[in-house]
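*Asks:*
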Amino acid sequence: MEFILRIPQSQLTLFEFPLENSKSQHEERTVPFSFDNIAMAGQSYEQRKTGTESAAEASKELKRKKRMKLVVYAAAFAIFQTIVILVFSLTVMRIKNPKFRLTSVTVEDLTAAPTPVSFNMKLSAQVAVKNTNFGHFKFDNTTIWFDYGGVGVGEAIVARGRSKARSTKKMNVTVELNSNNIPNNSSLENDIKAGFVALTCHSKLSGKVQLMKLIKKKKSAEMSCAMLLNMETRVVQDINCQ
Numbered sequence: 033m034e035f036i037l038r039i040p041q042s043q044l045t046l047f048e049f050p051l052e053n054s055k056s057q058h059e060e061r062t063v064p065f066s067f068d069n070i071a072m073a074g075q076s077y078e079q080r081k082t083g084t085e086s087a088a089e090a091s092k093e094l095k096r097k098k099r100m101k102l103v104v105y106a107a108a109f110a111i112f113q114t115i116v117i118l119v120f121s122l123t124v125m126r127i128k129n130p131k132f133r134l135t136s137v138t139v140e141d142l143t144a145a146p147t148p149v150s151f152n153m154k155l156s157a158q159v160a161v162k163n164t165n166f167g168h169f170k171f172d173n174t175t176i177w178f179d180y181g182g183v184g185v186g187e188a189i190v191a192r193g194r195s196k197a198r199s200t201k202k203m204n205v206t207v208e209l210n211s212n213n214i215p216n217n218s219s220l221e222n223d224i225k226a227g228f229v230a231l232t233c234h235s236k237l238s239g240k241v242q243l244m245k246l247i248k249k250k251k252s253a254e255m256s257c258a259m260l261l262n263m264e265t266r267v268v269q270d271i272n273c274q
């Protein structure tokens, strides 16, 4: 017995294989071999190599610039420190002698006679200790001597104290002057008759300047002043100190 299988023509197309299309697609995916392709590949490698070397050189250049900047900054900082130390040593660490001056004198009492020649007076004086250092100046007791014609006529005591850094300390002292030690052959009689008596005073103030509680240095201040006493108005004028 024979069996015959009949398949419609419309269904036969489902079993057909597109051999030609598959072959064409395979051919499209295949890259043909040529020397041009090899040259292009070599050129691409050289470009990548050149790019890598350029990046490395740029990185080295950047590092070199950073090192140069660090060197410049270090040099600038060293110069700045040197300048600061130099200014500090020339200003703060430079210790000077203070100044000791007679700033004003007031006559509290005055008695004078041309015959016999004599005078007695009581003066109130203000003295100042000017300290220009950056540390305080601690001074000891001192004496101010008053003279007429080189002869001592009285003295005043200045008590010990302290003048603060970069400041001026003012003190008031009282002194009594008389003509007991002046010889008779002096020009005092003429001066009293003229109404003007020239007086001088001098002193030396000794102490120590202290900086930052670490440095102590002995310093002294000398005073030499001249003044003119008006006997009529009882005013001390023309005070000049050196």
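Just so we're aligned: the sequence shown equals residues 33 to 274 in this note's numbering. Don't be surprised by glycine CBs; every beta carbon is placed ideally from N, CA and C.
Excluding the 5 residues preceding and the 5 following Met244 in the sequence, name in chain order all residues of the same chain whose CB lies nearer than 8 Å to its CB.
*Replies:* So the qualifying residues of the chain are Gly167.
*Asks:* Which residue spans inside the stretch 122-152 form an unbroken alpha helix (DSSP H) run of at least 4?
*Replies:* Within the stretch 122-152, no complete alpha helix (DSSP H) run reaches 4 residues.
*Asks:* Could you say which of Met125, Ala188 and Leu209 lies nearest to Leu246 if we only look at CA atoms?
*Replies:* Answer by Cα proximity: Met125.
*Asks:* Report the three-state DSSP secondary structure of Glu89 (helix, strand or coil).
*Replies:* It is helical.
*Asks:* Sort out for me which residues DSSP pairs Thr175 with in a bridge.
*Replies:* In DSSP, Thr175 forms a bridge with Ile189.
*Asks:* Hey, quick one: how far does the beta strand (DSSP E) through Asn272 stretch, first residue to last?
*Replies:* From DSSP, the beta strand (DSSP E) with Asn272 extends over Val267 to Cys273.
*Asks:* Measure the alpha-carbon distance for Lys170 versus Cys233 and round it to whole angstroms.
*Replies:* C-alpha separation (whole angstroms): 22 Å.
*Asks:* How would you label Thr174, buried or exposed, when you count the other beta carbons within 10 angstroms and need 16 or more for buried?
*Replies:* The residue in question, Thr174, is buried, as its Cβ has 16 or more Cβ neighbours within 10 Å.
*Asks:* Which of the three DSSP states is assigned to Ala314 in this structure?
*Replies:* Only positions 33 to 274 of the chain appear in the structure, and residue 314 is not among them; the question remains open.
*Asks:* Compute the Euclidean distance between the alpha carbons of Ala191 and Pro148, then round it to the nearest angstrom.
*Replies:* Between Ala191 and Pro148, the C-alpha separation is close to 36 Å.
*Asks:* Am I right that Gln158 and Ser136 are in contact with their C-beta atoms under 8 Å? What's the rounded C-beta distance?
*Replies:* Gln158 to Ser136, Cβ: 5 Å. Contact.
*Asks:* Is it true that the CB of Val229 sits closer than 8 Å to the CB of Leu261?
*Replies:* Yes. Within cutoff.
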